[in-house]
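Notes follow once the structure below has been shown.
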Amino acid sequence: MKTSRLHMWNGRALFYSPSVDTRSHQHHFLQITIGLDKAFLLRAKGSEKWERQRIVVIPPDQPHQLDGRNTSAVYLYADPESHLTRQLIPDAHYHKILSYDFKRIEPLLPQLWSYAEGKCNCNDALQLTDRIVRIISSSHVPISELDPRVQHALKIIRSLPEKHISVHELASQVLLSPSRLAYLFREQTGLPIRRYLLWERLLDAMRLMTQESDLSKVAHEAGFSDSAHMSRTFQKMFGITPSEIFKKNRLLKSYFAILDHARFFIDRVNSRCISRLGRGSKKIIDQHGDE
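Numbering (the numbering used here), first residue to last: 7 to 297.
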């Protein structure tokens with residue numbers, strides 16, 4: 007069972023890998039990690055101690071380091087502004103890594119192993135993500151809505167060919183004062199606008215890296231000052247450098263390319279499922295179709 011696999015829908019992605027090892031990093035996705043066959047090691051920011059875990063929820067922008075070498079694990083990633091994330095982490099400023107008793111997830115183990123073994127189609131995988139969230143989340147947690155003006159600002163940013171726009175210009179387009187938009191944006195997304203723009207440039211760079219091997223060209227097209235700036239940002243966000251991922255591991259090349267498109271809320275009517283296997287093969291399937 008050495009083949010990694012990934013399924014992606016609008017707003018979420020499900021990933022299986024038999025082994026993962028990262029440096030300390032932080033990313034803007036919510037992450038759920040479930041060790042299937044044994045515990046993995048996790049270290050949070052400011053701690054020198056490694057902790058053995060079987061299931062954790064890592065909020066967006068929370069620094070962490072994971073050692074899952076030779077540990078079969080399933081990872082659920084969610085867009086930080088999605089309903090799914092807000093169901094698990096209702097406060098955008100909540101930065102505590104949550105761990106759970108593995109007994110809580112044991113009823114799902116047969117389905118999780120089926121996913122790891124490649125026995126799930128896109129519908130099965132999507133239903134599995136729903137079940138994971140239902141088991142972990144508390145039914146009494148209120149789901150807060152994003153302010154429509156913040157949603158509009160996010161759409162504007164994501165539509166930019168190059169992710170450069172001033173707070174004043176963005177504020178004028180959503181009919182708010184710059185100070186009010188800056189406050190609302192950080193309050194609801196957990197990031198200042200400038201840092202969010204940096205995150206979006208990084209996602210653009212990851213998409214470009216699936217098509218272009220020259221990192222200098224990628225950095226320029228994505229809006230970074232140079233490849234060194236891009237590499238430093240990439241390592242800070244993901245714990246590994248672009249060359250380590252995209253030159254040595256074609257699976258993770260596909261993996262990050264897919265996560266680049268895991269945006270906005272889940273749309274059960276119009277979304278399509280993208281599935282990738284460890285050897286780089288690609289299938290695009292209708293949400294209601296099978297692999």
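Backbone N, C-alpha and C fix where the C-beta goes; we use that ideal spot for every residue, glycine too.
H13 and Q194 have their C-alpha atoms roughly 27 angstroms apart. Excluding five sequence positions before and after L114, the CB atoms of its chain that fall closer than 8 angstroms to its own CB belong to L134, R137, I138, I141, given in chain order. Secondary structure of F240 (DSSP, three-state): helix.
Taking 8 angstroms as the cut-off, the Cβ atoms of R60 and A45 count as close. In the three-state scheme derived from DSSP, where H, G and I count as helix and E and B as strand, I64 is classed as strand. Taking 8 angstroms as the cut-off, the Cβ atoms of K242 and R207 do not count as close. One thing to note: Q68 has its Cβ within 8 angstroms of the Cβ of Q32.
Under the 8 angstroms Cβ criterion, the segment 46-65 does not count as touching the segment 114-123, having fewer than three qualifying pairs.
The beta-carbon distance between W205 and H34, rounded to whole angstroms, is 5 angstroms. This is short enough to meet the 8 angstroms contact definition.
Proximity of the segment 177-195 to the segment 154-163 meets the contact definition, three or more beta-carbon pairs being nearer than 8 angstroms. Under the DSSP definition of a beta bridge, Q93 lacks any partner. For H158, the three-state secondary structure derived from DSSP is helix. Pairing D107 with I40, the inter-Cα distance amounts to about 11 angstroms.
Restricted to the segment 177-247, the alpha helix (DSSP H) segments that are unbroken, complete and at least 4 residues in length are 184-195, 199-215, 221-228, 233-244, listed in chain order. With respect to the 8 angstroms criterion, T77 and D130 are not classified as neighbours on the basis of their beta carbons. DSSP links R58 through a beta bridge to L47. By the beta-carbon neighbour count (other beta carbons within 10 angstroms, threshold 16), S222 is exposed. Residue pairing from DSSP places V26 in a beta bridge opposite G74. With a cutoff of 8 angstroms on beta-carbon distance, I38 and L72 are scored as not near each other. Sequence-distant partners of A177 (beyond 5 residues in either direction) whose C-beta falls short of 7 angstroms from its own C-beta, in its chain, are S183, P184, L187. Here G41 is bridged, per DSSP, to A79.
In this model, S23 and V80 are separated by some 7 angstroms (Cα to Cα). Judged by their CB atoms, L214 and V224 are nearer to each other than the 8 angstroms cut-off. Of the residues P65, T9, C128, K161, the one whose Cα lies closest to the Cα of S105 is P65.
In terms of Cα proximity to I199, the closest of L36, S172, E218, L181 is S172. DSSP, read as helix, strand or coil, puts S165 in helix.
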